[in-house]
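>
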Amino acid sequence: MIYAIGDIHGQKAMLDRALLLIAADGGADAPLVFLGDYTDRGPDSRGVIDTLIHGRDAGLDWTFIKGNHDRMFLRFVEEGVTHDPAIKSGLSWLNPRLGGDRTLESYGIVPTAPASYIRDADGLETLVNYPTTEGDLTLQELVALARDRVPEAHRQFLATNPLMHEAKGHLFVHAGIRPGVAIADQVEDDLIWIRDGWLDNHDDHGSMVVHGHTALDEPEHFGNRIDLDGGAGYGRPLVPAVLDDGQWFTLHDDGRRPLRPAG
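Per the UniProt record's numbering: the sequence shown = residues 1 to 263.
(1) Please classify V118: does DSSP put it in a helix, a strand, or coil?
(2) Looking only at C-alpha atoms, which of T63, S106, A28, L52 sits nearest to V150?
(3) Using only CA atoms, which one of I22, S92, R225 lies nearest to residue 281?
(4) Leaving out five residues on either side along the sequence, give the residues of the same chain with a beta carbon under 7 angstroms from the beta carbon of residue 321.
(5) Round the Cβ separation of Y3 and A241 to the nearest angstrom and send it over; I've been treating them as touching at under 8 angstroms.
(6) Which residue spans inside the segment 141-228 form an unbroken alpha helix (DSSP H) run of at least 4?
(7) Can you check which of these residues, S92, R256, M164, D204, is closest to D185 by C-alpha distance?
(8) What three-state label does DSSP hand I5 in the structure shown?
(9) Thinking L32 and D7 are a contact (beta carbons under 8 angstroms), I'd like their distance in whole angstroms, please.
(10) List the residues that DSSP assigns as beta-bridge partners of D244.
(11) For a test of the three-state rule: what should DSSP assign to D136, helix, strand or coil?
(12) For S89, count the other beta carbons within 10 Å of its own beta carbon; 16 or more makes it buried, fewer makes it exposed. Which is it?
(13) Please name the residue in I192, L145, G42, D122 whose C-alpha comes closest to that of R71.
(14) For the alpha helix (DSSP H) that L19 lies in, which residues bound it at each end?
(15) Is G231 helix, strand or coil when you go by DSSP?
(16) How should Y130 be labelled, buried or exposed, when 16 other C-beta atoms within 10 angstroms of its C-beta is the threshold for buried?
(17) Looking at C-alpha atoms only, which residue of R119, T126, A113, I22 is the closest neighbour of T133?
(18) In the DSSP assignment, find the beta strand (DSSP E) that holds G100 and state where it starts and stops.
(19) Using DSSP's beta-bridge definition, name the partner residues of G255.
(20) For the alpha helix (DSSP H) that contains T63, what are its first and last residues?
(21) Distance, Cα to Cα, residue 269 vs I87?
(22) DSSP three-state label for V77, please.
(23) Would you mind reading off the limits of the alpha helix (DSSP H) that contains V48?
(24) Assuming L32 is part of the beta strand (DSSP E), what are its boundary residues?
(25) Does the distance from the C-beta atom of D44 to that of K12 stay below 7 angstroms?
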């Protein structure tokens, strides 16, 4: 058996419940793959990362995939970058729609009012003022404070997670793969961001691809891929899943439910 959890997005209480469901189904030592996006939008990104690191350091058979939100968080702390070219709207990672503000709040950088932005010549949302309990901060001041507050262990965790994991004839990845491109030739931006050309593709990819990134109302099986992002970042339940003897199931308080392609 192997278990999997989709996008957590700072929802530590939901993560704790999902881990209890997995422990009840397969034991606390069961192999488990996390599909990335541990941070942003939810209230306790710090607590989520603490939980994941604690499990890893306790020797649990846990595998952590890198997500696009995890990379955005790390780039902000390490480089002061607030934009990713994949975000065509030009929104800043700090914008509540992306949820970086909630991540910083979980590290004790508490906003007291909405941040102020302008659009630069390239249409990118650029921070002017970030009001906090420690004063009104410029971007440079905010980055410096984040570097002070985010533990090095958290930064190393986010920096060293792999982009994919292969097990039991399945490929686990955050967003998906570029159809027609060999697995060895896939690039990071596709693996953590792809939607166009992927979600509507029905090819057999050689392995069943298990991913998150694209939020649904609940996990779904599409025949050639399984999307386990049930929208926890938007307040919907975090639903773990298990592969057992070639069959997928989701886990709930009342037990397992089959996860099969529609029809």
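No residue lacks a Cβ here, since even glycine has one placed at the ideal position from N, Cα and C. Computed from a predicted model, the values in this text were never measured in an experiment.
So, from the data block:
(1) Correcting the residue identity first, residue 118 is Ile in this sequence and not Val. I118 falls in the strand class under three-state DSSP.
(2) S106
(3) Nothing about residue 281 can be reported from this structure: the residues present for the chain run from 1 to 263 only.
(4) Only positions 1 to 263 of the chain appear in the structure, and residue 321 is not among them; the question remains open.
(5) With a Cβ gap of about 7 angstroms, Y3 and A241 count as contacting.
(6) 152-160, 188-193
(7) It is M164 whose Cα lies nearest to the Cα of D185.
(8) strand
(9) The pair is not a contact, with the Cβ atoms about 15 angstroms apart (cut-off 8 angstroms).
(10) Q247
(11) strand
(12) exposed
(13) I192
(14) Unbroken alpha helix (DSSP H) run through L19: 12-26.
(15) coil
(16) With 16 or more other Cβ atoms within 10 Å, it is buried.
(17) A113
(18) Note, G100: premise wrong, no beta strand (DSSP E); alpha helix (DSSP H) at 100-106.
(19) In the DSSP secondary-structure assignment, G255 is bridged to H252.
(20) Here T63 belongs to no alpha helix (DSSP H); instead the beta strand (DSSP E) covers 62-64.
(21) No information on residue 269 is available, as it lies outside the stretch 1 to 263 that the chain covers here.
(22) helix
(23) Per DSSP, the continuous alpha helix (DSSP H) segment holding V48 begins and ends at 45-57.
(24) Start and end: 32-34.
(25) yes
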